[in-house]
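Visitor: Quick one: the structure is below, and I'll ask about it shortly.
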Amino acid sequence: MKAPFTLFTARAYLNWFKGRRARSLIVKIIMLLLLVDVAYIFVMPILRLLSTSLMNVMDLYDPTVVWLPRRWAFENYSQAYTALAYGEAFRNTVLISGACAILQTLACALVGYGFARFKFPGRDRLFYLVLFAMIVPPHAIIIQLFVMVSKNHWLETYYPFLVPSAFGMGLRGALFVFIYRQFFKGLPWELEDAAMIDGASPLRVFYNIMLPLARPAILVVFLFSFVWHWNDSLEPSIYLSRPELFFMPQRLSVVEAALSNMRLRAMWGTGTIMAATLLTILPLVVLYVFTQRYFIESIERTGLID
Amino acid sequence: MHLTLRRRNALNGFIFISIWLVGLLIFFLIPLFRNFALSVTDAQLSTVRDGSYKVVGLQNYIEAFSVDIEFLPYLLETMQSLIIDVPVILAFSLAVALLAVQPMRGNTVFRAIFFLPVVIGSAVVVGRLFDQLGNQLVLFRGQAAQQFLYIYLGDQLPYFINFLSRSVFVLWRSGVQILIFIAGLKSIDPTLYEVAQVDGASGWSQFWKITLPMLSPVILINITYTIIDSFTDYFNTVLRYIQVVTFQQNAMRLGYPSALGVIYFLLVFLLVIVIFAFVSRFTFYRGER
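Residue numbers (the numbering used here), protein chains in the order written: chain G, 602 to 907; chain D, 70 to 358.
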């Protein structure tokens with residue numbers, strides 16, 4: 602019997618074993634165990650984070666306390682909330698990440714559509730530039746961007762995040778152009794032809810026909826952009842230095858730096874940092890829980906793969 | 070004005086991409102070019118404003134390789150971890166994707182979990198997770214387990230624990246790859262498998278003769294993505310070093326870190342091109358032949 606690696610093609614496998622339900626059940630259980638194993642690797646750090654965030658100093662140094670703290674140290678959260686200046690940081694992060702994500706979603710859609718559906722001289726060479734922009738590490742240009750931003754007196758403002766986004770650049774803008782282009786390429790041409798014959802202008806075709814169809818791509822780009830802006834720490838750390846402007850990850854770094862003072866740490870404990878970390882990612886987790894179904898479906902349907 | 074359809078089409082295309090062209094020029098090409106230009110000067114933040122710096126030729130580049138005792142080790146470390154990480158991430162994500170596409174209940178839950186690191190995988194946050202928790206992150210944290218392992222591994226135990234923590238870290242970076250593989254697997258025509266089955270092919274040979282060739286373009290995408298991802302990673306020591314040299318050393322030298330950036334960028338670029346050229350010889354596109 603040639604069986605063990607049929608994991609890879611379960612369809613074949615299940616047909617092969619039709620009528621031998623016991624064996625296919627065993628295979629299924631093994632697969633399930635493997636999946637649970639892998640899922641554990643992914644979830645464990647988060648659970649560990651949650652558990653540590655509820656421990657006070659005593660519990661942290663007590664080797665008999667593994668997952669559940671003896672006494673639930675909810676005060677970690679109130680301390681973290683204050684230390685992060687959560688309300689303010691939350692507002693900054695949501696507003697700017699949201700604005701950048703919306704701008705990028707729109708601008709990159711236009712550009713991706715242009716690359717996918719029009720033939721113009723030099724198009725393919727320009728598209729190589731998109732790919733090129735994708736692989737250049739941001740550090741190769743960050744010094745120049747900094748000089749430019751400081752010459753424009755844009756330091757300590759949010760313009761360095763918003764303006765590039767509006768031009769379809771910004772954080773991984775090239776990748777979004779690429780995603781849109783792949784998506785629009787896969788749509789049937791008849792849609793545009795029909796609208797053009799009816800006399801619609803290209804912008805109108807784009808706005809009234811293509812954009813509504815591009816909902817999966819829009820969702821993917823928006824969510825990626827939002828999440829990546831939220832999580833970005835390179836650019837904010839260079840453009841912003843006034844704490845009241847900080848985004849959440851930067852605040853977290855500040856709290857962290859303050860707690861690297863040992864005496865403070867002994868007082869507050871690692872639990873506070875963990876609580877702060879959890880508070881930082883909490884909005885993203887909530888967002889993900891509500892959107893993950895569409896998110897994953899969309900990625901599978903965007904034709905990212907071509 | 071009267072234009073032929075083709076001309077009008079071309080013009081419209083340019084209009085659509087025009088905003089991006091402007092953005093590319095201002096926020097990418099000009100900075101990149103200036104970075105090259107600055108890398109052969111002794112510019113500092115104070116002198117860059119009034120332009121009173123002078124060209125020193127390749128001195129910055131020579132300094133990077135001969136005087137600077139930190140840069141080269143960081144560079145080698147990055148390359149080393151890349152060589153180890155990329156195959157591990159690819160193999161792991163392919164295996165997980167293969168498991169996750171099996172028709173089974175609860176599949177969507179697993180997929181949602183595998184993608185979680187991408188969503189919350191913020192550099193600072195992941196840094197907290199892995200720095201702070203240290204070896205608690207090892208899958209078995211308890212004292213007993215460690216004692217037990219000590220019997221077998223002796224002094225090697227810390228290395229082993231280090232290896233495990235690192236592999237968790239590596240696996241955490243494979244969320245996007247898993248998803249891309251899942252999408253790729255789903256796009257393979259199921260009739261291919263049916264035909265192979267009728268001919269009596271085993272699952273093993275089906276994997277090598279159907280799944281892998283059909284997946285090869287996706288593998289190429291994933292390799293490229295993984296390389297770029299780890300080269301631009303927050304934890305990348307070279308990038309951190311460049312940042313430190315630029316923004317935290319008191320003089321705010323700009324010429325030297327620019328040169329470091331150029332070296333690094335050329336290395337990435339070269340590597341991606343070599344790998345692309347090499348791997349694309351083995352990729353199979355359905356449209357062809």
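For every residue, glycine included, the Cβ atom is placed at its ideal position computed from N, Cα and C. No experiment lies behind these values; they were computed from the predicted model shown.
Going by other Cβ atoms of all chains shown within 10 Å of its Cβ, with 16 needed for buried, is residue 246 of chain D buried or exposed?
Guide: By the beta-carbon neighbour count (other beta carbons within 10 angstroms, threshold 16), residue 246 of chain D is buried.
Visitor: Within 10 angstroms of the Cβ of residue 754 of chain G, are there 16 or more other Cβ atoms? Answer buried if so, exposed if not.
Guide: exposed
Visitor: Give me whichever residues DSSP pairs with residue 322 of chain D in a beta bridge.
Guide: Paired residue(s): D:113.
Visitor: Spell out the partners DSSP gives residue 124 of chain D in its beta bridges.
Guide: D:110
Visitor: In whole angstroms, what is the alpha-carbon distance linking residue 181 of chain D and residue 124 of chain D?
Guide: Distance between the alpha carbons of residue 181 of chain D and residue 124 of chain D: 54 Å.
Visitor: Taking Cβ positions, are residue 767 of chain G and residue 708 of chain G nearer each other than 7 Å?
Guide: The Cβ atoms of residue 767 of chain G and residue 708 of chain G sit closer than 7 Å to each other.
Visitor: So, is residue 836 of chain G buried or exposed, given that buried needs 16 or more other C-beta atoms within 10 angstroms?
Guide: buried
Visitor: If we cut at 7 Å on Cβ distances, does residue 86 of chain D have a partner in chain G?
Guide: yes
Visitor: Can you find a C-beta in chain G that's less than 7 Å from the C-beta of residue 324 of chain D?
Guide: No, no contact with chain G.
Visitor: Around the Cβ of residue 690 of chain G, are there at least 16 other Cβ atoms within 10 angstroms (buried) or fewer (exposed)?
Guide: buried
Visitor: Kindly list the residues whose CB is nearer than 8 Å to the CB of residue 673 of chain G, restricted to its own chain and excluding five residues on each side of it in sequence; keep chain order.
Guide: 655
Visitor: Under the rule that 16 or more other beta-carbon atoms within 10 Å means buried, what is residue 602 of chain G, buried or exposed?
Guide: Per-residue confidence for residue 602 of chain G stands at a pLDDT of 45, beneath the threshold of 50, marking its modelled position as unreliable; the derived number appears in the next sentence. Burial call: exposed.
Visitor: Determine the burial state of residue 890 of chain G: buried for a count of at least 16 other Cβ atoms within 10 Å of its Cβ, exposed for fewer.
Guide: exposed
Visitor: List, in order along the chain, the chain D residues whose C-beta lies closer than 7 Å to that of residue 742 of chain G?
Guide: 97, 100, 101, 104
Visitor: Does the structure place the segment 831-849 of chain G close enough to the segment 805-821 of chain G that three or more beta carbon pairs sit under 8 Å?
Guide: Not touching, per the Cβ criterion.
Visitor: Give a yes or no on whether 7 Å exceeds the smallest Cβ distance from residue 893 of chain G to chain D.
Guide: Closer than 7 Å to some Cβ of chain D, the Cβ of residue 893 of chain G qualifies, so yes.
Visitor: Can you pull the chain D residues whose beta carbon is under 9 Å from the beta carbon of residue 644 of chain G, in chain order?
Guide: 182, 185
Visitor: Should the segment 716-733 of chain G be called in touch with the segment 777-797 of chain G, which here means at least 3 C-beta pairs below 8 Å?
Guide: yes
Visitor: Can you tell me where the alpha helix (DSSP H) holding residue 836 of chain G begins and where it ends?
Guide: Counting along the chain, the unbroken alpha helix (DSSP H) around residue 836 of chain G starts and ends at 835-840.
Visitor: With a cut-off of 7 Å, does the C-beta of residue 673 of chain G fall near any C-beta of chain D?
Guide: no
Visitor: Restricting to Cα atoms, I'd like to know which of G:787, G:652, G:661, G:688 is closest to residue 847 of chain G.
Guide: G:688
Visitor: How big is the Cα-Cα spacing for residue 761 of chain G and residue 224 of chain D?
Guide: 51 Å
Visitor: Along chain D, which residues have their Cβ under 7 Å away from the Cβ of residue 821 of chain G?
Guide: Here the premise fails: no neighbours, minimum Cβ distance about 10 Å.
Visitor: Consider the Cβ of residue 166 of chain D: report whether some Cβ of chain G lies at a distance smaller than 7 Å.
Guide: no
Visitor: Label residue 834 of chain G either buried or exposed according to how many other C-beta atoms from any shown protein chain fall within 10 Å of its C-beta, with 16 as the threshold for buried.
Guide: Taking every protein chain shown into account, the CB of residue 834 of chain G has 16 or more other CB atoms within 10 angstroms, so this residue is buried.
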